[in-house]
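Single-structure report; data block below.
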Amino acid sequence: MKKCIFVFMVLMIPASLFAADRVVLFEDFTNCGCPPCWSAEPQVNAFVNANLPNGNLAVIRTHVNWPTANDPIYVANPTEQAVRKAQYGVSGVPYFKMDGIVNCSASSLQSSFDSRVSVPAIIDIEVARNGDNTSGTMSIMVVAEEDPQWTVPMMLWPILVEDNIPGVGYWSGSVFEQAFRDNILGPYGEEINFSGPFPDTLYFDADYEIDSSWDPEELYLATFVQCHYQQSQHEVENAHWAKFTELQTGIEDGQWNGWTEPVLSVGPNPSAGTFSITASVPAGTQGTVQVFDISGRTVASGNAGDLNSVTVNEAGVYMVRLTDSNGISVTKSVAVVR
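Residue numbering for the sequence shown follows our numbering, starting at 1395 and increasing by one per position.
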């Protein structure tokens, strides 16, 4: 009887405890000559400003070529913005999408966001760069904590947006925020193919060039995993949001030897008793992995890279902690259900 009660308690723990931190992607399709778009702008800005600082929102405002054909954001990059428009078959603006699958209005942005931010994610994304404010290479690490079992081609989309661009049309005297600038991996992104075992990590490199008309201090990078634009399964698996000038630098040739924080993945989650551990620490440091049960008792420990798998006999919630020799640590939770 005690065992049944304990398993029930484990299952009652929120699923988000067992998953990657979700960052919700909000897409706003707009045009500088669209009166309803301008009317919705105060509500959109209020939603974005309330949630963006919390670190669980990424924003892209894609511009289209109607009703005003010479919208300057659209004209600056029509091809890549047309692909985003085609992703959803956008035929009228304003058009709002949350995580690729939730249609919403200006008045329902917060509730739509709330419905997505608690959805478990098994994909982690980290981004760094090697270069300066003019050009360089983006290095992107994508981790699947367990087999995602995708049935359609999935792509990596790293899109640069810019804030505080002087507006025109209905935006005259105001500014364009999170305006689409560039898809670093080209119009269609780059396909992601995990092969396992899981957790599994893939690395991507993409050259970037910052146009002389852009202000690097106003640039942000929204990176996300979503299907190819010709597919119909549009759910965003997870996203990542970062200020361009604050991205970790010193990453070369796709190797994260310049990364200054430890990286940890654990899966499958939940587990039947055995789970894999992938742990990496910055170059020049050592790392220790410890596994604790819910009472704080250590059930396994070892050096990062050596402790690759752990088997436990009792159901419950286990904490896996990676600590590097600089004292920086990261912790993941895994549920064992029998």
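Glycine included, each C-beta is placed from N, C-alpha and C at the ideal position.
Exercise. Start and end of the beta strand (DSSP E) containing Pro1552?
Worked result: Taking the first residue of the sequence shown as position 1, residue 1552 is located at position 158. Here the beta strand (DSSP E) through Pro1552 covers 1548 to 1556.
For this session: Out of Gly1580, Val1706, Val1683, point me to the one whose CA is closest to Thr1668's CA.
Result: Residue mapping note: residue 1668 aligns to position 274 of the sequence shown, counting from 1. When only C-alpha atoms are compared, the closest one is Val1706.
Exercise. Rounded C-beta distance between Ile1379 and Asn1527? I'm assuming under 8 Å.
Worked result: Examination of residue 1379 is not possible in this model, given that the chain is present from 1395 through 1732 alone.
For this session: Could you tell me the boundaries of the alpha helix (DSSP H) in which Tyr1482 lies?
Result: Mapped onto the sequence shown, residue 1482 falls at position 88. Start and end: 1472 to 1482.
Problem set entry | Terminal residues of the alpha helix (DSSP H) in which Phe1441 lies | In the sequence shown, counting from the first residue as 1, residue 1441 sits at position 47. 1429 to 1445 is the span of the alpha helix (DSSP H), which, as asked, contains Phe1441.
For this session: Count the other CB atoms, across all protein chains shown, that sit within 10 Å of the CB of Pro1436; report buried if there are 16 or more and exposed otherwise.
Result: Along the sequence shown, read from residue 1 onward, the residue named residue 1436 stands at position 42. For Pro1436, the number of other beta carbons within 10 angstroms of its own is below 16, and it is reported as exposed.
For this session: Name, in chain order, the residues that DSSP records as bridge partners for Gly1494.
Result: Stepping through the sequence shown from its first residue, residue 1494 is reached at position 100. In DSSP, Gly1494 forms no bridge with anything.
For this session: For Thr1639, I'd like the list of residues in its chain whose CB is within less than 8 Å of its CB, leaving aside the five on either flank, ordered along the chain.
Result: Within the sequence shown, numbered from 1, the residue matching residue 1639 stands at position 245. Taking Thr1639 as the centre and dropping the five residues before and after it, the same chain places the C-beta of Asn1527, Pro1610, Glu1611, Leu1613 closer than 8 Å to its C-beta, in chain order.
Exercise. Counting along the chain, where does the beta strand (DSSP E) carrying Val1507 start and finish?
Worked result: In the sequence shown, residue 1507 corresponds to position 113, counting from 1. This sequence places Phe at residue 1507; Val is not what is there. Taken as a continuous stretch (DSSP letters only), Phe1507 belongs to no beta strand (DSSP E), being part of the alpha helix (DSSP H) at 1503 to 1511.
Exercise. Going by other Cβ atoms of all chains shown within 10 Å of its Cβ, with 16 needed for buried, is Val1569 buried or exposed?
Worked result: Locating residue 1569 in the sequence shown gives position 175, where the first residue counts as 1. Counting Cβ neighbours within 10 Å, Val1569 comes out exposed, since fewer than 16 surround it.
Problem set entry | Distance, Ile1559 Cα to Asn1353 Cα | Given a span of 1395 to 1732 for the chain in the structure shown, any question on residue 1353 remains unanswerable.
For this session: Give me the Cα-Cα distance between Pro1555 and Glu1571, rounded to the nearest whole angstrom.
Result: As a first step, residue 1555 is located in the sequence shown; it is residue number 161 there, counting from the start. As a first step, residue 1571 is located in the sequence shown; it is residue number 177 there, counting from the start. Sequence check: residue 1555 is Val here, not Pro. Rounded to whole angstroms, Val1555 and Glu1571 show a C-alpha spacing of 8 Å.
Problem set entry | Start-to-end residues for the beta strand (DSSP E) that takes in Asp1541 | Within the sequence shown, the letter at position 147 stands for residue 1541. Counting along the chain, Asp1541 falls outside any beta strand (DSSP E), and DSSP gives it neither H nor E.
Problem set entry | Beta-carbon proximity list for Thr1643, same chain, < 8 Å, skipping 5 on both sides | What you label residue 1643 is simply residue 249 of the sequence shown in a count that begins at 1. Result list for Thr1643: Ala1522, Arg1523, Asn1524, Gly1525, Gly1652, in chain order.
For this session: Step through the CB atoms of chain C and report whether any lies within less than 9 Å of the CB of Val1714.
Result: As a matter of chain content, chain C is missing from the structure shown, which is built from one protein chain.
For this session: Helix, strand or coil for Asn1712, going by three-state DSSP, please let me know.
Result: What you label residue 1712 is simply residue 318 of the sequence shown in a count that begins at 1. A small fix is needed here, since residue 1712 is Tyr in this sequence, not Asn. Secondary structure of Tyr1712 (DSSP, three-state): strand.
For this session: Return yes when the Cβ of Pro1447 is within less than 9 Å of the Cβ of Asn1459, no when it is not.
Result: Taking the first residue of the sequence shown as position 1, residue 1459 is located at position 65. Taking the first residue of the sequence shown as position 1, residue 1447 is located at position 53. Cβ atoms of Asn1459 and Pro1447: not closer than 9 Å.
Exercise. For Glu1612, which residues does DSSP report across the bridge?
Worked result: Start at 1 with the first residue of the sequence shown, and residue 1612 comes out as number 218. Paired residue(s): none; Glu1612 is not in a bridge.
Problem set entry | Distance CB(Phe1490)-CB(Asn1445) smaller than 9 Å | The residue given as residue 1490 occupies position 96 in the sequence shown. The residue given as residue 1445 occupies position 51 in the sequence shown. Result no, Cβ atoms of Phe1490 and Asn1445 do not sit closer than 9 Å.
For this session: Enumerate in chain order the residues of its own chain whose CB-to-CB distance from Ile1578 is below 6 Å, with the five nearest sequence positions on each side excluded.
Result: Locating residue 1578 in the sequence shown gives position 184, where the first residue counts as 1. Met1532, Pro1552, Ala1600, Tyr1602.
For this session: Check whether the Cβ of Glu1584 sits closer than 8 Å to any heavy atom of the ligand HEM, and report yes or no.
Result: Although the ligand HEM was asked about, the structure shown includes no ligands whatsoever.
Exercise. Whose CA, out of Arg1732, Leu1641, Pro1466, Val1536, lies closest to the CA of Gly1590?
Worked result: Position 196 of the sequence shown, counting from 1, holds the residue named residue 1590. Looking at the Cα atoms, Val1536 is the closest of the given residues.
Problem set entry | 8 Å contact criterion, which Pro1656 and Asp1718 should meet: CB distance rounded | In the sequence shown, the residue the question calls residue 1656 occupies position 262. In the sequence shown, the residue the question calls residue 1718 occupies position 324. Confirmed, about 5 Å.
Problem set entry | Val1487 versus Val1630 - alpha carbon distance | Within the sequence shown, the letter at position 93 stands for residue 1487. Within the sequence shown, the letter at position 236 stands for residue 1630. Cα to Cα, the separation comes out at about 21 Å.
For this session: Using alpha carbons as the reference points, say which of Ser1665, Trp1432, Asn1587 lies closest to Thr1545.
Result: The sequence position of residue 1545 within the sequence shown is 151, counting from 1. Comparing Cα positions, the closest option is Asn1587.
Problem set entry | Rounded separation between His1622 and Tyr1482 - CA only | The residue you call residue 1622 lines up with position 228 of the sequence shown. The residue you call residue 1482 lines up with position 88 of the sequence shown. Their Cα atoms are separated by approximately 11 Å.
Exercise. In three-state DSSP terms, what is Ile1467?
Worked result: Taking the first residue of the sequence shown as 1, we reach residue 1467 at position 73. If DSSP states are grouped into helix, strand and coil, Ile1467 belongs with the helices.
Exercise. If we ignore side chains and look at the alpha-carbon of each, how far apart do Phe1423 and Leu1716 end up?
Worked result: As a position in the sequence shown, residue 1423 is number 29, starting the count at 1. As a position in the sequence shown, residue 1716 is number 322, starting the count at 1. Rounded to the nearest angstrom, the two C-alpha atoms are 41 Å apart.
Exercise. Can you tell me where the beta strand (DSSP E) with Tyr1597 in it begins and where it stops?
Worked result: Position 203 of the sequence shown, counted from the first residue, corresponds to residue 1597. Residues 1594 to 1603.
Exercise. Secondary structure at Thr1682, three-state DSSP: helix, strand or coil?
Worked result: As a working mapping, residue 1682 is identified with position 288 in the sequence shown. It is a strand residue.
Exercise. Glu1585 lies in the beta strand (DSSP E); which residues open and close that run?
Worked result: In the sequence shown, the residue the question calls residue 1585 occupies position 191. Taken as a continuous stretch (DSSP letters only), the beta strand (DSSP E) holding Glu1585 covers 1584 to 1586.
For this session: Give the range of the beta strand (DSSP E) segment to which Gly1696 is assigned.
Result: In the sequence shown, residue 1696 corresponds to position 302, counting from 1. Residues 1692 to 1697.
Exercise. Smallest Cα separation from Ile1688: which of Ala1698, Val1730, Asp1576, Gly1449?
Worked result: If you number the sequence shown from 1, residue 1688 lands on position 294. The residue with the shortest Cα to Cα distance from Ile1688 is Val1730.
Problem set entry | N- and C-terminal bounds of the beta strand (DSSP E) containing Val1657 | For this step, residue 1657 is matched to residue 263 along the sequence shown. Here the beta strand (DSSP E) through Val1657 covers 1657 to 1661.
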